[in-house]
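These protein sequence lines map, in sequence, to chains S and Y.
With my numbering as the guide, the letters of the first sequence map in order to residues 684 to 782.
With my numbering as the guide, the letters of the second sequence map in order to residues 798 to 1616.
Structure first, commentary second.
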Amino acid sequence: MKILAITACPTGIAHTYMAAESLERAGARLGHQVKVETQGAMGIENRITAQDLEGADAVILACDIPVQGRERFDGIPNILEVPVQLAIKNPAELFARLQ
Amino acid sequence: MSPELAFTFPLAGGLHARPAAALRGRALASGLPVCLVNGRSGRTALLGNLLEVLATDTRRGDPCRLLAEGPGAEAALADLAAFLKEAFLATDTPGEAAAPRGHAGTALSRLLAGAPFVEGFAVAPGVGSGPALMVRTAWTAVDASPSLDHGAERAALRRALDRSGAVLREAAVGQPARQAILEAQAAMLQDANWVGAMEAAIHAGSRAPAAVVQALAEARAGLLASDNPYLRERALDLTDLGDRLLAELGGTELPALPLPGPCVVVAAELTPSRLLALDRDLVRGLVLAGGSATSHTAILARTFGIPCVLCPESPSFPAGTPLTVDGDRGLVLTAPPPALDAYYAIQARERGRSTLPGPAATADGVPIALHANLLSAAEAPGAFRLGAEGIGLFRSEMLFLDREAPPSEEEQYEAYRAVLEAAQGRPVVLRLLDVGGDKPLPYLPLAREANPFLGRRGVRWYAFHPELVRTQLHAAARASRHGDLRLMIPMVAEVEELRLVRAMLCEATPDPIPLGIMVEVPAAALNLAALCREAAFLCVGTNDLVQYLFAADRGDAQVARPSHDWHPATLRILARIALDAAQAGCPLSLCGEMAGRPGLLPLLVGLGYRSLSLAPALLAEARRTLAGLDSARCRALADRALGLGAAAEVEELLAEGAGNRSGTLTGPELVLLDAPCATKEEALKLLAERCAALGRARNPLALEEALWARELAYATGVGFGFAVPHCKSAEVLTPTLAVLRLARPLAWGSLDGQPVDCALLLATRGDDGGDDHLRVFARLARKLMDEGFRAALRQAPTPEALLEVLAATLLPQEPPCAP
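Printed below as a string of structure tokens:
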């Protein structure tokens, strides 16, 4: 599957990046194509582009604050919203929920 | 129409006892009745009547007038005008603002787990524990039977008043810290209204002791009814005087209170005399009622380093109740749980790091000697407790001011010796008499000067009164045998002045006592090479130097701006002084308010100053600030500042902040291995205190609270035995990464429910410009998902090895993720 994700936590120092790393590692292990955008203290990094959106199957929003640019995913039916901590704790379970 | 002097009342603390006594003393010296009119309160008082003066309820900003009558009234008011601009400002000790209400904070609340505590006001810092000892102030029943011999009673009262005044003045001798307090009390004994009330009571048939109690009760009631806390505070001084008067009338000494052992003294009222009568080594803490941080007892508690909390209501605990007084947070903990001991022990140990004797240093290891400025000998032990490496400025003139006759050689010798003995071999710089037109002495007739700041000040005055200087030099020479004494001449402009004093010193003693000079006159600063050839050392007095550089009276806020301290002109003359002193190889230090402003330390370090002298209370913060600076960055900062043209531009440069602070994110002292923390509270406490001790955070308690705020939102235990406590807070001065590896895993509320054995602290200001440290934090957070990295952090045998693991992983090699 081609999966897009955004991670964001209130301070944007630690959890955002741990969650991103966790999703990328688990996604690769499970054979998914994953791109994670981080919305942290340094602003938006690894931004999801229009090109990324083409053919995307699902979206994971692992965020504890309002997501910026959420409308980008308007056409995608499979959107999973979870607390950022879940992406750190059990990323494999999130991918399973998307199936 | 009588002449008058209009002024705006300047002191933040209002017209409380010490300034009032000083103003009274100055007015009495004129021999004329001087009247104070407060335009806001509408009250009027004769300056001779201290209680009446206090009752004017004068606060900062009040429009006031002084009126004088009789021949010389104009001159007396001119004298008072000069006094109000200068010496008067020093009578209000800084830090006297109302104390903040106590607050337990998150960690302590959790550790207390419902154990009772009282929220009071923090007035003297530190933490102390012991069984409660209640001290009650009660006057023994006085004889209420009437007396017909009014004359005898009146004579007895008069004797008691005179003797009490004499005892207070005697107690003040050689105790300059307490001198102002005791002399203010002595002045109250001469208050006409109060004494009149006692005499009236005797006239009505009371015996002298009953008259004292009655007049006291009335006067106290009047003060306690005021809505001015400073005035209410004076009720305690009256009680103190009542104690004395009754002791005199009864022919007994003030009873000393024996303490059974170490304890926390709890009292609704504790007068300064009663505190002084206690065995202070056994007093672990003080819990007092009401009052304010300006209470004389609170000031003494700070002087003696006794933690003190004021309670809003009369504190009462069963005798022997175990109490902990938290003088930093303003709490009294009753029956504190044992878990608190370890928590407070961490605080004590880490605070000790920033007050330890030995040189303070920048983060890159450049030692900066921190010395203390003293007003009085009594402050010396406290200054050394706070880590002073010596006394950089002992203002001897305080011994000479506000008294009727100059201090004898013996009295001076005792004061100087007291400081030298407290110094235990560390250097003590005694500034020779710095008085003159701006700080006149009542016992010396001085010609009136149109412009006293440009007149016979400091050394210029010595030629007119050599006898006073000789006595001081004799006293200093005798005292010098008790330690490392150095003498410093104030207001030197020319080499000849230094030679004059050297000749006087040679006459006084054959001993080779080092003789240095204050550099505070621009002419001296611009002729330093010649002065260095004859001076043993130099000390820059920035207050006067800046005043003379800008031709701006520093007592006049309309012309003297605080920003003159960091104006490029000031920095250029400071740079030149440092350069000339270094070329001549002459030891250089700097005293003055600049040294006490943490924000200016990067500039002073950058300009080459390696020895600073400041008020004892400011030492710890200066030490912490220095520990966070990088000397090379400071030099670059100073170079840039020297090229600017306005104070505002320097301010902007300083505000950038990051430029002068240490660029390092972490260091060996921020890697704590095998830490024996038993709770998460202790772990976060240790991290917060360590950051503050190393100059990376302003206030350890506030940083601790910021970390807890994050923890409460959701625990930072991320699984695998790791936690990343973090915060974005203005309390953080330098972005910091710290590692705490625990001896035993702790419950942390982690995502996977497992205990934590390794905590990584990430702290940032959030507005420090540059994302470099945030990038490192992000990379670190990602790497924690890597099992090999976690194992390397766990296995590193030393802090240095662990730092290598971090460096290898975190230093930028490639972007953390593809763009």
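Think of the CB as a built atom: it goes at the ideal place given N, C-alpha and C, for glycine as much as any other residue.
Keep in mind the model is a prediction, meaning the values are calculated, not measured.
Sufficient close CB pairs (3 or more, under 8 Å) joining the segment 1269-1277 of chain Y to the segment 1338-1345 of chain Y: Touching, no.
At what residue ranges does the segment 1308-1362 of chain Y contain a whole run of the alpha helix (DSSP H), taking only runs of 4 or more? Entirely contained in the segment 1308-1362 of chain Y, the alpha helix (DSSP H) runs reaching 4 residues are, in chain order, 1319-1322, 1325-1331 and 1339-1347.
Listing by chain order, which chain S residues have their CB less than 8 Å from the CB of Y:Thr1561? The count along the second sequence starts at 1 and reaches residue 1561 of chain Y at position 764. Using a Cβ-Cβ cut-off of 8 Å, Y:Thr1561 is close to Ile696 and Ala724 of chain S, given in chain order.
For Y:Glu1453, is the classification buried or exposed, using 16 other Cβ atoms within 10 angstroms of its Cβ as the cut-off for buried? If you number the second sequence from 1, residue 1453 of chain Y lands on position 656. When all chains shown are included, Y:Glu1453 counts as exposed.
What residues match up with Y:Asp1123 in a beta bridge as DSSP calls it? Within the second sequence, the letter at position 326 stands for residue 1123 of chain Y. For Y:Asp1123, which the question treats as bridged, DSSP gives the partners Y:Val924 and Y:Leu1128.
Distance CB(Y:Leu1557)-CB(Y:Leu1530) smaller than 8 Å: Residue mapping note: residue 1557 of chain Y aligns to position 760 of the second sequence, counting from 1. Residue mapping note: residue 1530 of chain Y aligns to position 733 of the second sequence, counting from 1. The answer is no: Cβ separation not under 8 Å.
Within the segment 962-1026 of chain Y, note down every full beta strand (DSSP E) run reaching 3 residues or more, in order along the chain. none
With 16 other Cβ atoms within 10 Å as the buried cut-off, status of Y:Phe914: Taking the second sequence and counting its residues from 1, the one referred to as residue 914 of chain Y is at position 117. Looking at its Cβ environment, which holds 16 or more other Cβ atoms inside 10 Å, Y:Phe914 is buried.
Neighbour list for S:Pro749 in chain Y, Cβ cutoff strictly below 8 Å: Here residue 749 of chain S refers to the residue found at position 66 when the first sequence is read from its first residue. None at all; the shortest Cβ gap to chain Y is about 16 Å.
Taking only the alpha-carbon atoms, compute the straight-line gap between Y:Ala1260 and Y:Glu1331 and give it to the nearest angstrom. Against the second sequence, residue 1260 of chain Y aligns to sequence position 463. Against the second sequence, residue 1331 of chain Y aligns to sequence position 534. If you take the alpha carbons of Y:Ala1260 and Y:Glu1331, they lie about 20 Å apart.
Grab the span of the beta strand (DSSP E) containing Y:Val834 for me, first residue to last. What you label residue 834 of chain Y is simply residue 37 of the second sequence in a count that begins at 1. Run containing Y:Val834: Val831 to Asn835, per the beta strand (DSSP E) assignment.
Are the Cβ atoms of Y:Phe1101 and Y:Arg1081 separated by less than 8 Å? Along the second sequence, read from residue 1 onward, the residue named residue 1101 of chain Y stands at position 304. Along the second sequence, read from residue 1 onward, the residue named residue 1081 of chain Y stands at position 284. No, these two residues do not count as a Cβ contact at 8 Å.
How is the beta strand (DSSP E) around Y:Arg856 delimited, first residue to last? For the purposes of this step, residue 856 of chain Y is taken as residue 59 along the second sequence, with counting starting at 1. It is not in any beta strand (DSSP E) - Y:Arg856 carries neither H nor E in the DSSP assignment.
Beta-carbon gap between S:Lys685 and S:Ala745 smaller than 8 Å: Taking the first sequence and counting its residues from 1, one reaches residue 685 of chain S at position 2. Taking the first sequence and counting its residues from 1, one reaches residue 745 of chain S at position 62. The answer is no: Cβ separation not under 8 Å.
Would you kindly work out how many angstroms separate the C-alpha atoms of Y:Leu1450 and Y:Leu1434, rounded to a whole number? Looking up residue 1450 of chain Y in the second sequence gives position 653. Looking up residue 1434 of chain Y in the second sequence gives position 637. Distance between the alpha carbons of Y:Leu1450 and Y:Leu1434 is about 8 Å.
Check the Cβ of Y:Leu1530 against every Cβ in chain S and list those closer than 9 Å, keeping chain order. Translated into positions along the second sequence, residue 1530 of chain Y becomes position 733. Neighbours of Y:Leu1530 on chain S: none; closest Cβ ~17 Å, over 9 Å.
Pull up the distance between the alpha-carbon of Y:Leu1067 and that of Y:Thr1094, whole angstroms please. To locate residue 1067 of chain Y, count along the second sequence from 1; it is residue 270. To locate residue 1094 of chain Y, count along the second sequence from 1; it is residue 297. Their backbone Cα atoms lie some 7 Å apart in a straight line.
Please confirm if Y:Phe1574 has its CB atom under 8 Å from at least one CB of chain S. As a working mapping, residue 1574 of chain Y is identified with position 777 in the second sequence. Taking Cβ atoms only, chain S reaches closer than 8 Å to Y:Phe1574, which makes this a yes.
Does S:Ala779 come within less than 8 Å of chain Y when only Cβ atoms are used? Locating residue 779 of chain S in the first sequence gives position 96, counting from the first residue. Chain Y, which has no Cβ nearer than 8 Å to the Cβ of S:Ala779, makes this no.
For chain Y, check one thing: does any of its Cβ atoms lie closer than 8 Å to the Cβ of S:Pro760? Looking up residue 760 of chain S in the first sequence gives position 77. Chain Y contact via Cβ: absent.
Of the residues Y:Ala1247, Y:Pro1249 and Y:Val1232, the one placed nearest Y:Leu1241, counting alpha carbons only: Here residue 1241 of chain Y is taken as the residue at index 444 of the second sequence, counted from 1. Nearest C-alpha to Y:Leu1241: Y:Val1232.
Chain-ordered neighbours of Y:Arg1579 on chain S, where CB pairs are closer than 8 Å: Here residue 1579 of chain Y corresponds to residue number 782 of the second sequence, with the count starting at 1. Those within 8 Å of Y:Arg1579 in chain S are Tyr700, Met701, Ala703 and Glu704.
Measure from the C-beta of Y:Lys1525 to each C-beta in chain S and report whether the shortest distance is under 8 Å. What you label residue 1525 of chain Y is simply residue 728 of the second sequence in a count that begins at 1. Yes, Y:Lys1525 lies at the interface with chain S (some Cβ there is under 8 Å from its Cβ).
Does chain S have any CB closer than 8 Å to the CB of Y:Asp1554? In the second sequence, residue 1554 of chain Y corresponds to position 757, counting from 1. Y:Asp1554 does not count as touching chain S.
Quick test of the definition: if touching needs 3 or more C-beta pairs under 8 Å, does the segment 1509-1529 of chain Y touch the segment 1468-1475 of chain Y? no
Can you list, in chain order, the residues of its chain whose CB lies under 6 Å from that of Y:Ala826, leaving out five sequence neighbours each side? Counting from one through the second sequence, the residue named residue 826 of chain Y turns up at place 29. Non-local beta-carbon contacts of Y:Ala826 in its own chain, meaning distances under 6 Å to residues more than five positions away in sequence, involve Pro1239 in chain order.
Taking 8 Å as the cut-off, decide whether the C-beta atoms of Y:Glu801 and Y:Arg862 are in contact. Within the second sequence, numbered from 1, the residue matching residue 801 of chain Y stands at position 4. Within the second sequence, numbered from 1, the residue matching residue 862 of chain Y stands at position 65. Going by C-beta atoms, Y:Glu801 is nearer than 8 Å to Y:Arg862.
Out of Y:Gln1592, Y:Ala1022, Y:Ala1527 and Y:Arg1572, state which residue places its alpha-carbon closest to the alpha-carbon of Y:Leu1504. Along the second sequence, one-based indexing puts residue 1504 of chain Y at 707. Checking every option, the nearest Cα to that of Y:Leu1504 belongs to Y:Ala1527.
Considering only the alpha carbon of each residue, which of Y:Leu1072, Y:Leu1073 and Y:Leu1079 lies closest to Y:Leu1056? In the second sequence, counting from the first residue as 1, residue 1056 of chain Y sits at position 259. Nearest of Y:Leu1072, Y:Leu1073 and Y:Leu1079 to Y:Leu1056, Cα basis: Y:Leu1079.
Anything in the segment 1485-1519 of chain Y with a Cβ closer than 8 Å to a Cβ of chain S? List those residues in chain order, please. Residues passing the 8 Å Cβ filter: Arg1507, Ala1510, Tyr1511, Thr1513, Val1515 and Gly1516.
Taking Cβ-Cβ distances shorter than 7 Å, what residues in chain S pair up with Y:Leu1548? As a working mapping, residue 1548 of chain Y is identified with position 751 in the second sequence. Those are Gln768, Ile771 and Lys772, listed as they occur along chain S.
If you draw a straight line from the C-alpha of Y:Glu1207 to the C-alpha of Y:Tyr1213, how long is it? The residue labelled residue 1207 of chain Y in the question sits at position 410 within the second sequence. The residue labelled residue 1213 of chain Y in the question sits at position 416 within the second sequence. Whole-angstrom Cα-Cα distance: 10 Å.
Please classify Y:Gln1209: is it buried, with 16 or more other beta-carbons within 10 angstroms of its beta-carbon, or exposed? Locating residue 1209 of chain Y in the second sequence gives position 412, where the first residue counts as 1. That one is buried.
Near-chain Y residues of the segment 706-739 of chain S (beta-carbon distance less than 9 Å), N- to C-terminal order: Glu707, Arg708, Val719, Thr721, Gly723, Ala724, Met725, Gly726, Glu728, Asn729 and Arg730
In its own chain, which residues sit with a C-beta less than 6 Å from the C-beta of Y:Lys1580, not counting the 5 before and 5 after it? Along the second sequence, one-based indexing puts residue 1580 of chain Y at 783. Once the five neighbours on either side are set aside, the close Cβ partners of Y:Lys1580 are Phe1586 and Thr1606.
Would you mind sorting Y:Glu1501 into buried or exposed? The rule is 16 or more other CB atoms within 10 Å of its CB. Translated into the one-based positions of the second sequence, residue 1501 of chain Y becomes position 704. Answer is buried; the Cβ neighbour count reaches 16.
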